[in-house]
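Taking it in order: structure first as structure tokens, then the write-up.
2 protein chains.
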Amino acid sequence: MLQLKNVLKQMIQISEEELEAFTELCYEKVFKRKALLSQEAKFINEVYFIKKGIIRVKLDDLGGTEHTIHFAIENQFIADYRAFLTQEKSAYQLQALEDTETIVMPKSAIDWGYANLRQGEKLGRLIAEHYFIYLDSRIQHLYTLSPKERYDLMNEIFPNIHNRVPQHMIASYLGITPVHLSRLKRQNQ
Amino acid sequence: MLQLKNVLKQMIQISEEELEAFTELCYEKVFKRKALLSQEAKFINEVYFIKKGIIRVKLDDLGGTEHTIHFAIENQFIADYRAFLTQEKSAYQLQALEDTETIVMPKSAIDWGYANLRQGEKLGRLIAEHYFIYLDSRIQHLYTLSPKERYDLMNEIFPNIHNRVPQHMIASYLGITPVHLSRLKRQNQ
DNA sequence: ACAAAACGATAACAAATGTTAAGGCTTTTG
DNA sequence: CAAAAGCCTTAACATTTGTTATCGTTTTGT
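Chains as they are written, first to last, in the working numbering: chain A, 1 to 189; chain B, 190 to 378.
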């Protein structure tokens, strides 16, 4: 839990007692490579903190095609955040791409935090704002950058991503086919 | 200010005294068609509530092409929210597409709200979450829907948008060229 | 350790989307 | 009110991106 506590301390003012009470409502959970973090759950009630490993958010469209929307790695929070907030049916699935150790923050813990942590609402606001900024820049890039430019940008942001995830998932994240990504890489040389 | 007060009352528990104190820190501002809401501002310190009119968020890429990222209409909040949050240089511009009446919520008012409204942080969280949900669904659609499907969806969500904004801005919002949108419309008949 | 599955590169071809240019209509502006 | 600017459509052509299939390599599960 130390890893999670450190990240929380960087985000808000929180006492040791508060940290202790909050993390007692959380628990550790390990997922095997390829496992789905929540299978067929009617409601999404968990936020994950990644201690070790890598997780992707994927989305199947009506035609059966699979899209990779997002990757998350060590020390990051990940959730099907929209379904968590709205309590509507989830569109996404979270999948471990390596054997992955997480800390589960159940909705009950988060609601407890809103009610009882001095800066609980602020923590919620900061997390929502952080995701907002991430999505905003994603959209900006989808509008203004070509697939090749997005590929180059991804190499800067995730220097080691190629060694951790299959290339067809990277292609999917970029919004192009694996065949096309292969072509772009050749042109880049 | 009544319009703004009503929207705030729907979002959080807020007393008449709190409403009064908060709205006293805000002020009305009118923009002519085509005007930019903040020109060349170094820092973005205003959130707008639209009383009447329509505003678009636009973005110029390095090649000089203009992209329309977002539309906002009556009773909605609009801001260059990322720049507002991060206090970094703005990538976007807000532009009135009709003569538009707004209520300006300056950053000082919002910070005052965080500190002094009972549910100020909650309001901030709800606004961030609301935007997050919107952006998340935008990204989902960009991944899973074809331009034609996005066009049909837009017609459902904004039934009257065609009568209010030029078609080339709609094309830009959809991520396609005006010529291509014109082709798609013909196919749809 | 081995068989099966997954993976990435490549080629040939198909489909989607962009570019440029022209014409006619509408709206804006002086 | 008239000129100018903006706007939408259409066509012809160019470019980008997707589809399908094959092959050799690597990884995985047992």
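Every residue gets a Cβ at the ideal spot worked out from N, C-alpha and C, and that includes glycine.
Stretch pair the stretch 207-226 of chain B + the stretch 278-293 of chain B: three plus CB contacts closer than 8 angstroms:
These segments touch.
message: So with CB distances below 7 angstroms, who are the chain A contacts of residue 320 (chain B)?
response: Counted from its first residue, the second sequence places residue 320 (chain B) at position 131. Within 7 angstroms Cβ-Cβ: 132.
**Q.** chain B contacts made by the stretch 142-154 of chain A, where a contact means CB separation under 7 angstroms
**A.** 142, 143 and 144
Quick check: the Cα distance between residue 80 (chain A) and residue 90 (chain A), rounded to an integer number of angstroms?
Sequence index remark: in the first sequence, residue 80 (chain A) carries index 80 (1-based). Sequence index remark: in the first sequence, residue 90 (chain A) carries index 90 (1-based). Taking the straight line from one Cα to the other gives about 7 angstroms.
Would you call the stretch 125-139 of chain A in contact with the stretch 149-169 of chain A, where contact means no fewer than 3 C-beta pairs closer than 8 angstroms? Result no; under three Cβ-Cβ pairs closer than 8 angstroms.
If distances are taken between C-alpha atoms only, which option among B:348, B:319 and B:377 comes closest to residue 82 (chain A)?
Residue numbering aside, residue 82 (chain A) sits at position 82 when the first sequence is read from its first letter. Among B:348, B:319 and B:377, the Cα nearest to that of residue 82 (chain A) belongs to B:319.
Within 7 angstroms of chain A by C-beta, residues of the stretch 228-258 of chain B in sequence order:
Correct list: 248, 250, 256 and 258.
- Task: Counting only runs of 4+ residues fully inside the stretch 230-318 of chain B, write out the alpha helix (DSSP H) ranges in chain order.
- Result: 270-275 and 296-305
- Check residue 218 (chain B) in the structure and name its three-state DSSP category. Here residue 218 (chain B) is taken as the residue at index 29 of the second sequence, counted from 1. Residue 218 (chain B): strand per DSSP, three-state reduction.
(message) Measuring only the C-alpha atoms, how far is residue 225 (chain A) from residue 51 (chain A)?
(response) It is not possible to answer for residue 225 (chain A), since the shown part of chain A is limited to 1 through 189.
Q | Closer than 8 angstroms at the beta carbon, the chain A residues around residue 364 (chain B) | A | For the purposes of this step, residue 364 (chain B) is taken as residue 175 along the second sequence, with counting starting at 1. The contacting residues are 142 and 143.
Point to revise | Chain-order list of residues whose beta-carbon lies under 8 angstroms from that of residue 153 (chain A) (same chain, five-residue window excluded) | key: If you number the first sequence from 1, residue 153 (chain A) lands on position 153. So the list reads 141 and 145, once near-sequence residues are dropped.
Whole-Å CB distance - residue 5 (chain A) paired with residue 19 (chain A), under 8 angstroms assumed: The residue labelled residue 5 (chain A) in the question sits at position 5 within the first sequence. The residue labelled residue 19 (chain A) in the question sits at position 19 within the first sequence. That pair is a contact at about 5 angstroms.
Discussion item. In whole angstroms, give me the CA-to-CA distance for residue 303 (chain B) and residue 288 (chain B).
Written reply: Position 114 of the second sequence holds residue 303 (chain B). Position 99 of the second sequence holds residue 288 (chain B). Taking the straight line joining both Cα atoms gives about 31 angstroms.
- Item | When A:47, A:88, A:36 and A:13 are compared against residue 95 (chain A), the one with the closest alpha-carbon | Counting from 1 along the first sequence, the entry for residue 95 (chain A) is found at position 95. With distances taken between Cα atoms, residue 95 (chain A) lies closest to A:36.
**Message:** Please state the DSSP three-state secondary structure of residue 2 (chain A).
**Reply:** Numbered from 1 along the first sequence, position 2 holds the residue referred to as residue 2 (chain A). Helix.
Boundaries of the alpha helix (DSSP H) in which residue 356 (chain B) is found, first to last residue: Mapped onto the second sequence, residue 356 (chain B) falls at position 167. It spans 356-363 - the alpha helix (DSSP H) in which residue 356 (chain B) sits, taken as one unbroken run.
**Asked** Of all Cβ atoms in chain A, is any one closer than 8 angstroms to the Cβ of residue 216 (chain B)?
**Response** Translated into the one-based positions of the second sequence, residue 216 (chain B) becomes position 27. Taking Cβ atoms only, chain A never reaches closer than 8 angstroms to residue 216 (chain B), which makes this a no.
Label residue 124 (chain A) either buried or exposed according to how many other C-beta atoms from any shown protein chain fall within 10 Å of its C-beta, with 16 as the threshold for buried.
The residue labelled residue 124 (chain A) in the question sits at position 124 within the first sequence. Residue 124 (chain A) is buried by the Cβ-count criterion.
Under a CB-based cut-off of 8 angstroms, is residue 121 (chain A) close to chain B?
-> On the first sequence, residue 121 (chain A) is found 121 positions in, with the first residue counted as 1. Yes, residue 121 (chain A) counts as interfacial toward chain B.
| query | Shortest alpha-carbon distance to residue 39 (chain A) belongs to which of A:188, A:176, A:93 and A:47? | reply | Within the first sequence, numbered from 1, the residue matching residue 39 (chain A) stands at position 39. Comparing Cα positions, the closest option is A:93.
Strictly under 8 angstroms for the Cβ-Cβ distance: is residue 139 (chain A) near chain B by that measure? What you label residue 139 (chain A) is simply residue 139 of the first sequence in a count that begins at 1. Interface annotation, residue 139 (chain A): in contact with chain B, CB-CB separation under 8 angstroms.
Using a 10 Å radius around the Cβ and a threshold of 16 neighbouring Cβ atoms, would you call residue 198 (chain B) buried or exposed?
Start at 1 with the first residue of the second sequence, and residue 198 (chain B) comes out as number 9. Residue 198 (chain B) is exposed by the Cβ-count criterion.
- Query: So what does DSSP say about residue 142 (chain A), is it helix, strand or coil?
  - Reply: Residue numbering aside, residue 142 (chain A) sits at position 142 when the first sequence is read from its first letter. The DSSP-derived three-state label of residue 142 (chain A) is helix.
Margin query: Check for me: the alpha helix (DSSP H) holding residue 157 (chain A) runs from which residue to which?
Written below: Along the first sequence, read from residue 1 onward, the residue named residue 157 (chain A) stands at position 157. Unbroken alpha helix (DSSP H) run through residue 157 (chain A): 147-157.
Please report how far the alpha carbon of residue 381 (chain B) lies from the alpha carbon of residue 200 (chain B), in whole angstroms. Summary: the structure shown does not reach residue 381 (chain B), with chain B confined to residues 190 through 378, and so no result is reported for it.
- Message: Please report the distance separating the alpha-carbon of residue 1 (chain A) from that of residue 23 (chain A).
- Response: Numbered from its first residue, the first sequence carries residue 1 (chain A) at position 1. Numbered from its first residue, the first sequence carries residue 23 (chain A) at position 23. Rounded to the nearest angstrom, the two C-alpha atoms are 7 angstroms apart.
Beta-carbon proximity of residue 308 (chain B) to residue 376 (chain B), cut-off 8 angstroms:
Locating residue 308 (chain B) in the second sequence gives position 119, counting from the first residue. Locating residue 376 (chain B) in the second sequence gives position 187, counting from the first residue. It is not a contact, given that the beta carbons lie outside the stated cut-off.
List, in chain order, every chain A residue whose beta-carbon is nearer than 8 angstroms to that of residue 275 (chain B).
Counting from 1 along the second sequence, the entry for residue 275 (chain B) is found at position 86. Those within 8 angstroms of residue 275 (chain B) in chain A are 133.
Reference residue 210 (chain B), options B:265, B:370, B:311 and B:297, closest by Cα: Reading the second sequence from its first residue, position 21 is the one you call residue 210 (chain B). Closest option to residue 210 (chain B), Cα to Cα, is B:297.
Checklist entry - Hey, quick one: how far does the alpha helix (DSSP H) through residue 177 (chain A) stretch, first residue to last? => result Numbered from 1 along the first sequence, position 177 holds the residue referred to as residue 177 (chain A). From DSSP, residue 177 (chain A) is part of no alpha helix (DSSP H); its letter is neither H nor E.
Proximity of residue 68 (chain A) and residue 172 (chain A) at Cβ, strictly below 8 angstroms: Counted from its first residue, the first sequence places residue 68 (chain A) at position 68. Counted from its first residue, the first sequence places residue 172 (chain A) at position 172. In contact: residue 68 (chain A) and residue 172 (chain A) (Cβ atoms closer than 8 angstroms).
>> Please return the same chain residues whose Cβ sits closer than 7 angstroms to the Cβ of residue 184 (chain A), not counting the five positions on each side in sequence.
In response: In the first sequence, counting from the first residue as 1, residue 184 (chain A) sits at position 184. Setting aside the 5 residues that flank it on each side, residue 184 (chain A) is surrounded in the same chain by 147, 148 and 151, each with a C-beta closer than 7 angstroms to its C-beta; the list follows chain order.
Fill in: Sub-8 angstroms separation of residue 178 (chain A) and residue 167 (chain A) beta-carbons
Position 178 of the first sequence holds residue 178 (chain A). Position 167 of the first sequence holds residue 167 (chain A). Yes.
Using only CA atoms, which one of B:351, B:345, B:346 and B:332 lies nearest to residue 62 (chain A)?
Translated into positions along the first sequence, residue 62 (chain A) becomes position 62. Nearest of B:351, B:345, B:346 and B:332 to residue 62 (chain A), Cα basis: B:332.
Check: In this structure, what does DSSP give as the bridge partners for residue 225 (chain B)?
Finding: Position 36 of the second sequence holds residue 225 (chain B). In the DSSP output, where bridge partners are listed per residue, residue 225 (chain B) has B:284.
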